[in-house]
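*Asks:* Let me give you the structure first, and then I'll get to my questions.
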Amino acid sequence: MRIASLHVYPVKSLRGMDVGAADVERQGLRGDRRWMVIEHDGSNLTARKHPPMLGVRAVADGAAGLRLSAAGLPDLHVEAPGTDVERIEVGLSRVGTATPAGEAADAWLTRALDRPARLVWLDDPTRRSVAPEHGGRPGDTLSFADDGPLLVTTTASMERLNAWIREAHPEHATLPMERFRPNLVVDGADEPFAEDAWRSMRVGDVELRFAEQCDRCVMTTIDLETLRTGKEPIRTLARHRRWDGKTWFGVRMVPVTTGRVAVGDAVEVADA
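With this note's numbering as the guide, the letters of the sequence shown map in order to residues 1333 to 1604.
Have a look at this one:
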């Protein structure tokens, strides 16, 4: 097995970027979900609630900066706020406060999303923990990601899901892996959904520990081109991958060691 692709999402719920290599830190891939969009009351704004967020792309621009792009607007460069900027309260669990990016970023996002929005930065991801109910252990840290530092999927599982969709709906377009927003995509698994049984994963010097299987939400049903919500893949996952009242695709992993990984690197796993 090998790493087929790597993906970083600098801003939670915005489109991200494909990378050829990435540094794995304790809270996930470097730069992944260090930024978040919030409403003016501090509650986090996600594409589940506002699908047009997936029409905005964020890519790394400088050491810790961002470049935001959206149709009809000039790109915007955003620098990470300094340590002298006062934090504000945010509603995301287990973080409490975050640092505002500033008026220019807020105004740009408000135009891009056609609703009031603010951009905030997580100054220190080590101050947010992985919850025990999501496989966290003492010392496990987390960015603005929902529940786990890394999401791992396999090409074999994606191919099986698309085959299931075509069996029931031959006219349906092939779904891209990007719908699931993984960080690491693995190619060469023996069978679809083999990752459900992986207890650990090693890529070079980087070791990852299984945290939990990943339950999927309505965000996966948003077409990334039209930004309209459809029925797939939740409809098909509900037929084949539903238990405990949820649908499942991919696994969340926690870094045990840190280091650099790259597309093409060999992957070793240990099953339960």
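All C-beta atoms, glycine included, are put in the ideal place defined by N, C-alpha and C. As the structure is a computational prediction, the values presented were derived from the model and not from experiment.
Quick test of your reading: Pro1448 and Ala1390, contact by CB under 8 Å. State the CB separation rounded to the nearest angstrom.
*Replies:* Taking the sequence shown and counting its residues from 1, one reaches residue 1448 at position 116. Taking the sequence shown and counting its residues from 1, one reaches residue 1390 at position 58. Wrong, their Cβ atoms sit about 19 Å apart, outside the cutoff.
*Asks:* Just verifying my parser: in three-state terms, what is the DSSP assignment at Asn1494?
*Replies:* To locate residue 1494, count along the sequence shown from 1; it is residue 162. Helix, per DSSP.
*Asks:* Considering only their Cβ atoms, is the gap separating Val1593 from Val1517 smaller than 8 Å?
*Replies:* Here residue 1517 refers to the residue found at position 185 when the sequence shown is read from its first residue. Here residue 1593 refers to the residue found at position 261 when the sequence shown is read from its first residue. No, these two residues do not count as a Cβ contact at 8 Å.
*Asks:* Are there three or more Cβ pairs, one per stretch, closer than 8 Å when the region 1475-1495 is compared with the region 1518-1526?
*Replies:* With a cut-off of 8 Å, the region 1518-1526 and the region 1475-1495 count as touching, because enough Cβ pairs lie within range.
*Asks:* Do Pro1383 and Ala1559 count as a contact pair if the criterion is CB distance below 8 Å?
*Replies:* Here residue 1559 refers to the residue found at position 227 of the sequence shown. Here residue 1383 refers to the residue found at position 51 of the sequence shown. According to the sequence shown, residue 1559 is Leu rather than Ala. Yes, Cβ-Cβ distance for Leu1559 and Pro1383 is below 8 Å.
*Asks:* Specify, as a first and last residue, the run of the beta strand (DSSP E) that Ala1430 falls within.
*Replies:* One-based indexing of the sequence shown puts residue 1430 at position 98. Note, Ala1430: beta strand (DSSP E), Thr1429 to Pro1432.
*Asks:* Could you tell me which uninterrupted alpha helix (DSSP H) segments, each at least 4 residues in length, are contained entirely in the region 1413-1493, listed from first to last along the chain?
*Replies:* For the region 1413-1493, whole alpha helix (DSSP H) runs of length 4 or above, ordered along the chain, are 1435-1445.
*Asks:* Does the separation of the CB atoms of Ala1444 and Val1410 fall below 8 Å?
*Replies:* Translated into positions along the sequence shown, residue 1444 becomes position 112. Translated into positions along the sequence shown, residue 1410 becomes position 78. Contact flag unset, no.
*Asks:* Look up Gly1387 in the DSSP assignment and say whether it is helix, strand or coil.
*Replies:* For the purposes of this step, residue 1387 is identified with residue 55 of the sequence shown, where counting begins at 1. Helix.
*Asks:* Just to confirm before moving on: does the CB-CB distance between Gly1591 and Gly1536 stay below 8 Å?
*Replies:* Taking the sequence shown and counting its residues from 1, the one referred to as residue 1591 is at position 259. Taking the sequence shown and counting its residues from 1, the one referred to as residue 1536 is at position 204. Going by C-beta atoms, Gly1591 is nearer than 8 Å to Gly1536.
*Asks:* From Gly1387, Leu1556, Gly1562 and Arg1419, pick the residue whose C-alpha is nearest to that of Val1452; which is it?
*Replies:* Taking the first residue of the sequence shown as position 1, residue 1452 is located at position 120. Of Gly1387, Leu1556, Gly1562 and Arg1419, the residue nearest in Cα terms is Arg1419.
*Asks:* Three-state secondary structure (DSSP) at Glu1411?
*Replies:* Position 79 of the sequence shown, counted from the start, is the residue given in the question as residue 1411. Of the three classes helix, strand and coil, the one that applies to Glu1411 here is coil, per DSSP.
*Asks:* Determine the DSSP secondary structure at Leu1569, reduced to helix, strand or coil.
*Replies:* If you number the sequence shown from 1, residue 1569 lands on position 237. Note: Leu1569 maps to helix in three-state DSSP.
*Asks:* Could you check if Gly1428 is buried or exposed, using at least 16 other CB atoms within 10 Å of its CB as the buried criterion?
*Replies:* As a working mapping, residue 1428 is identified with position 96 in the sequence shown. Gly1428 should be labelled exposed.
*Asks:* Using a threshold of 8 Å, state whether the C-beta atoms of His1466 and Asp1479 are closer than that.
*Replies:* Along the sequence shown, one-based indexing puts residue 1466 at 134. Along the sequence shown, one-based indexing puts residue 1479 at 147. Yes, these two residues count as a Cβ contact at 8 Å.
*Asks:* Starting from Gln1545, follow the beta strand (DSSP E) in both directions and report where the run begins and ends.
*Replies:* Along the sequence shown, one-based indexing puts residue 1545 at 213. Its beta strand (DSSP E) spans residues Val1538 to Arg1548.
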